[in-house]
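Data first, discussion second: the structure below is written as structure tokens.
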Amino acid sequence: MKSVLVLLAFLAVSQGLLRIPLMRGKSARQLLEERGQFEEYRKKFPYDPAARFLPRNEQSAVPMTYDPDLTYYGLIAFGSPPQFFKVLFDTGSSDLWVPSISCTSSSCDNHAKFNSSASSTFEAGTKPFYISYNSGFAAGSTGYDTVKISDLYVAHQLFGLTETEAIFLGYVPWDGILGLAFPGMSFEGSTPLFYNLWNQGKLPLNMFSMYLSSSVEGSMLILGGTDPTYYTGSIKWIPLFRATNFWNIHIQSITINGNTVACSASCEAIVDSGTSVIIGSYKDVNNINGWLGTFPDQNGAAALSCTNTNLLPDVVFNINGYSFALPPSAYVMKVCSASGCTTGFAPGPWILGEVFMRQFYTVFDIGNNRMGFAQAV
Numbered sequence: 001m002k003s004v005l006v007l008l009a010f011l012a013v014s015q016g017l018l019r020i021p022l023m024r025g026k027s028a029r030q031l032l033e034e035r036g037q038f039e040e041y042r043k044k045f046p047y048d049p050a051a052r053f054l055p056r057n058e059q060s061a062v063p064m065t066y067d068p069d070l071t072y073y074g075l076i077a078f079g080s081p082p083q084f085f086k087v088l089f090d091t092g093s094s095d096l097w098v099p100s101i102s103c104t105s106s107s108c109d110n111h112a113k114f115n116s117s118a119s120s121t122f123e124a125g126t127k128p129f130y131i132s133y134n135s136g137f138a139a140g141s142t143g144y145d146t147v148k149i150s151d152l153y154v155a156h157q158l159f160g161l162t163e164t165e166a167i168f169l170g171y172v173p174w175d176g177i178l179g180l181a182f183p184g185m186s187f188e189g190s191t192p193l194f195y196n197l198w199n200q201g202k203l204p205l206n207m208f209s210m211y212l213s214s215s216v217e218g219s220m221l222i223l224g225g226t227d228p229t230y231y232t233g234s235i236k237w238i239p240l241f242r243a244t245n246f247w248n249i250h251i252q253s254i255t256i257n258g259n260t261v262a263c264s265a266s267c268e269a270i271v272d273s274g275t276s277v278i279i280g281s282y283k284d285v286n287n288i289n290g291w292l293g294t295f296p297d298q299n300g301a302a303a304l305s306c307t308n309t310n311l312l313p314d315v316v317f318n319i320n321g322y323s324f325a326l327p328p329s330a331y332v333m334k335v336c337s338a339s340g341c342t343t344g345f346a347p348g349p350w351i352l353g354e355v356f357m358r359q360f361y362t363v364f365d366i367g368n369n370r371m372g373f374a375q376a377v
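Numbering follows full-length UniProt numbering, in which position 243 of the sequence shown is assigned residue number 243; successive positions increment by one, without gaps.
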């Protein structure tokens with residue numbers, strides 16, 4: 001009888017889940033390389049993952065970083081009748097924004113633009129919207145409207161409408177961003193869309209999870225719980241560590257072949273779907289890459305030969321007493337460089353991005369102030 005009740009409870013929860021398919025499109029790097037413009041854009045818009053994770057008192061405006069390798073996005077809709085947009089589901093920010101039909105920048109030409117006059121439920125906001133970049137910015141206005149995500153609707157959701165955008169945004173595969181960090185990170189002063197879904201009683205559990213596939217299709221964002229279709233074994237639960245705005249966890253150490261190569265005195269890291277690689281302190285990342293036998297390519301990236309990469313060792317993240325082994329198939333990235341491959345480790349503040357999340361199904365549990373990792377299928 002107990003097993004039957006457990007099964008019925010699981011079915012009740014799983015039936016209330018919202019599943020949003022994620023696509024893996026061409027990255028800005030791939031599109032720019034096809035046009036022979038990547039070097040130009042790399043110099044004009046340097047990648048600085050630390051920028052948007054600075055304390056508030058060190059920021060002059062909403063920060064955002066140009067990450068040329070981000071690729072995942074899903075569909076949501078705004079307004080009545082609905083207007084559809086591809087958005088990056090970003091656990092490193094809390095605001096929601098898309099381009100406006102009033103956008104005058106050429107970067108908006110390649111993206112869907114929201115027409116507020118075509119929506120019967122739109123209400124103009126009173127606050128301006130502004131995002132700063134290392135070079136350039138995006139600016140516009142705010143508004144309220146109904147947002148459709150999967151089969152559910154959130155009424156009167158505040159979001160940003162960009163009217164001017166930095167040039168590089170014309171090459172990202174998504175139109176806008178839907179933030180999934182905590183409300184304290186919202187520069188719009190809005191309640192994030194996920195919180196509105198929960199507050200309105202539309203989700204069975206106060207959590208969401210992500211499965212990131214290496215294929216073009218197959219990735220999934222699950223709102224309201226977890227789906228064992230996308231992982232094997234059990235979920236290893238990790239308490240959040242000094243987390244107020246970001247999904248912050250504590251890493252005890254990082255090892256290769258049993259040797260501690262990083263975080264020897266432990267370190268804290270942000271789990272961020274809006275970062276493509278794994279970021280770590282300059283000293284630690286250099287040490288990891290040194291153990292992997294890398295050499296600097298013409299851009300200073302940690303390069304290695306693409307041959308026999310399967311012989312490279314696992315990089316093991318020791319978190320809350322659990323070991324999460326990242327094999328070379330996860331951290332070796334094939335890009336256009338002198339060698340043809342680089343590692344997915346780069347210097348900066350500790351961030352576990354897509355390279356880590358493709359290997360481990362990731363659960364963001366707001367209700368219990370914790371995260372979960374399980375081996376992705």
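By construction, the Cβ of each residue, glycine as well, lies at the ideal position given by its N, Cα and C atoms.
Where the alpha helix (DSSP H) containing M185 begins and where it ends: Numbered from its first residue, the sequence shown carries residue 185 at position 185. Unbroken run through M185: none, as it is neither H nor E.
So is V6 buried or exposed if we call it buried at 16+ other beta carbons inside 10 Å? Translated into positions along the sequence shown, residue 6 becomes position 6. Only weak support is given to the placement of V6: the predicted model assigns it a pLDDT of 35, under 50, and the value that follows is read from those uncertain coordinates. With fewer than 16 neighbouring CB atoms inside 10 Å of its own CB, V6 falls in the exposed class.
Name, in chain order, the residues that DSSP records as bridge partners for C341. Mapped onto the sequence shown, residue 341 falls at position 341. Per DSSP, L304 and K334.
Nearest CA to the CA of V87: which residue from P128, A301, L17 and L70? The residue labelled residue 87 in the question sits at position 87 within the sequence shown. Of P128, A301, L17 and L70, the residue nearest in Cα terms is L70.
Ordered list of beta strand (DSSP E) runs contained in the region 65-90, each at least 3 residues: Taking only runs of at least 3 residues, the beta strand (DSSP E) segments lying wholly in the region 65-90 are 72-78 and 83-90.
Give me the Cβ distance between F345 and G290, rounded to the nearest whole Å; I'm assuming they're in contact under 8 Å. Here residue 345 is taken as the residue at index 345 of the sequence shown, counted from 1. Here residue 290 is taken as the residue at index 290 of the sequence shown, counted from 1. Actually they are not in contact, since the Cβ atoms of F345 and G290 sit about 11 Å apart, beyond 8 Å.
Alpha carbon to alpha carbon, how far is D297 from S337? Give it in angstroms, no decimals. By 1-based counting over the sequence shown, the position of residue 337 is 337. By 1-based counting over the sequence shown, the position of residue 297 is 297. Reliability fails at S337, whose pLDDT of 49 lies under 50, so the model's placement of it is uncertain and the value that follows must be treated cautiously. Taking the Cα positions, S337 is about 7 Å away from D297.
Decide if Q83 is buried, meaning its Cβ has at least 16 other Cβ atoms within 10 Å, or exposed. Here residue 83 corresponds to residue number 83 of the sequence shown, with the count starting at 1. Sixteen is the threshold: when 16 or more other Cβ atoms of the shown chains lie within 10 Å of the Cβ of Q83, as they do, the residue is buried.
E58 by DSSP, collapsed to three states: which one? Within the sequence shown, the letter at position 58 stands for residue 58. Interpretation of E58 is limited by its pLDDT of 47, a score under 50 that renders its predicted location unreliable; no figure is taken from the coordinates.
Quick check: what's the CA-CA separation for L223 versus I254? The count along the sequence shown starts at 1 and reaches residue 223 at position 223. The count along the sequence shown starts at 1 and reaches residue 254 at position 254. Note on geometry: alpha-carbon atoms of L223 and I254 lie some 30 Å from one another.
For T232: DSSP bridge partner residues: Position 232 of the sequence shown, counted from the first residue, corresponds to residue 232. For T232, DSSP records a beta bridge to Q375.
Quickly, what does DSSP pair Q157 with across the bridge? List them, please. Against the sequence shown, residue 157 aligns to sequence position 157. Assignment of beta-bridge partners to Q157 by DSSP yields D145.
Which residues mark the beginning and the end of the beta strand (DSSP E) in which A28 is found? Mapped onto the sequence shown, residue 28 falls at position 28. In the DSSP annotation of this structure, A28 is not part of any beta strand (DSSP E); the continuous alpha helix (DSSP H) holding it starts and ends at A28 to E34.
Pick helix, strand or coil for W237, following the three-state DSSP scheme. In the sequence shown, counting from the first residue as 1, residue 237 sits at position 237. Three-state DSSP puts W237 in a strand.
How about F182 and T121: are their beta carbons less than 8 Å apart? The count along the sequence shown starts at 1 and reaches residue 182 at position 182. The count along the sequence shown starts at 1 and reaches residue 121 at position 121. Not a contact, by the Cβ cut-off of 8 Å.
For S150, I'd like the list of residues in its chain whose CB is within less than 6 Å of its CB, leaving aside the five on either flank, ordered along the chain. Numbered from its first residue, the sequence shown carries residue 150 at position 150. Counting only Cβ-Cβ distances below 6 Å, and skipping sequence neighbours, we find L18 and I20.
Let me make sure I understand the geometry here. Which of V271, Y231, S27 and P228 has the alpha-carbon closest to that of N248? On the sequence shown, position 248 is the one that residue 248 refers to. Comparing alpha carbon positions, the residue from V271, Y231, S27 and P228 closest to N248 is V271.
Got a sec? Which residues, its chain only, sit under 8 Å from D90 by beta carbon, not counting five neighbours each side? Here residue 90 corresponds to residue number 90 of the sequence shown, with the count starting at 1. Excluding positions up to five away in sequence, the list reads I177, L178, G179, L180, A181, D272, S273 and G274.
What are the boundary residues of the beta strand (DSSP E) that E123 is part of? On the sequence shown, position 123 is the one that residue 123 refers to. E123 to S132 is the extent of the beta strand (DSSP E) around E123.
Find out if the Cβ-Cβ distance for the pair D365, M207 is shorter than 8 Å. Here residue 365 refers to the residue found at position 365 of the sequence shown. Here residue 207 refers to the residue found at position 207 of the sequence shown. Yes, Cβ-Cβ distance for D365 and M207 is below 8 Å.
Should T226 go down as buried or exposed, given a rule of 16 or more other Cβ atoms within 10 Å for buried? In the sequence shown, residue 226 corresponds to position 226, counting from 1. A residue is called buried once 16 or more other Cβ atoms fall within 10 Å of its Cβ, and T226 is buried on that count.
4-residue-minimum alpha helix (DSSP H) runs that sit fully inside the region 198-231, ordered along the chain: You should have found no qualifying run.
Pair every Cβ in the region 294-313 with every Cβ in the region 349-369, then say whether three or more of these pairs are closer than 8 Å. No, the region 294-313 does not touch the region 349-369.
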